[in-house]
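I have placed the structure first, in the form of structure tokens, so that the comments after it can refer back to it.
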Amino acid sequence: MLFRSESLNSETIVQPDTSFLVTETIVYDFEFDERRGIYRDLVNVDRLEDESRRVYAIDVLSVTRDGQSEPFVLMDEGDYLRIRIGDPDVTITGAHTYQIQYTVKDGLLEITEEMLEGVQNESLKPGDVEIYWDLIGPNWSVPIRQASASVSGPGDVLGASCWFGYYGSDAS
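Residue numbering for the sequence shown follows our numbering, beginning at -18 and increasing consecutively.
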């Protein structure tokens, strides 16, 4: 398998209604392999260390390939929403730029007094909100040369953390 993802760039905008709008741009190079498109798995259930779960409502708004609308099918894969992108009757080769735009509801968590117990960040207070989003997810099956993410919204950013590596990594 020679193909690879050259880049995955994500722009997230937190909306005043507490949903967030995500625009992903993925440059994928199939080289000489004939393919019909790509799969994109979005985490819609996060299983947390305390055995609880965070469930996200994801609405895919649009998908393009090289600036043109691209057919896609949504599939429920348990903890993931799989987007099958591409026309099953058309094969492609080489490098292509995909853009996926979707909204996520229930992706923000309001900070409570109990959550702040033992936390050493004085800038956080009850009522602040946290966005926790797994940009790539553990199901990405080919190398990614470059990944980037930006988050903006109606309020000030009080802190940020980013992890990378294999599932469970704490590399930041």
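We treat Cβ as the ideally placed atom computed from N, Cα and C, and that holds for glycine.
| Asked | Found |
| --- | --- |
| Reduced DSSP category for M(-18) - H, G, I as helix; E, B as strand; rest coil | Reliability fails at M(-18), whose pLDDT of 44 lies under 50, so the model's placement of it is uncertain and the value that follows must be treated cautiously. M(-18): coil per DSSP, three-state reduction. |
| 7 Å CB neighbourhood of I(-6) in its chain, flanking five on each side removed | F1, L2, S133 and G134 |
| Same chain, Cβ closer than 8 Å to T93, neighbours up to 5 away in sequence not counted | P107 |
| Straight-line Cα distance separating A76 from M(-18) | Unreliable positioning characterises M(-18) in this predicted model, as indicated by a pLDDT of 44, which lies under 50. A coordinate reading is not provided. |
| Per-residue DSSP class, three states only, for E(-8) | strand |
| The region 95 to 103 in contact with the region 41 to 61 per 3-pair CB rule at 8 Å | no |
| Collapsed DSSP secondary structure at E95 in the structure displayed | helix |
| For Q82 and D68, the rounded distance between their alpha carbons | 18 Å |
| Segments of 3+ residues assigned as beta strand (DSSP E) that fall wholly inside the region -17 to 61 | -15 to -5, 1 to 10, 19 to 24, 26 to 28, 34 to 36, 38 to 46 and 53 to 57 |
| Contact between the region 56 to 72 and the region 121 to 129 (3+ Cβ pairs under 8 Å) | no |
| Helix, strand or coil at L139 [DSSP, three-state] | coil |
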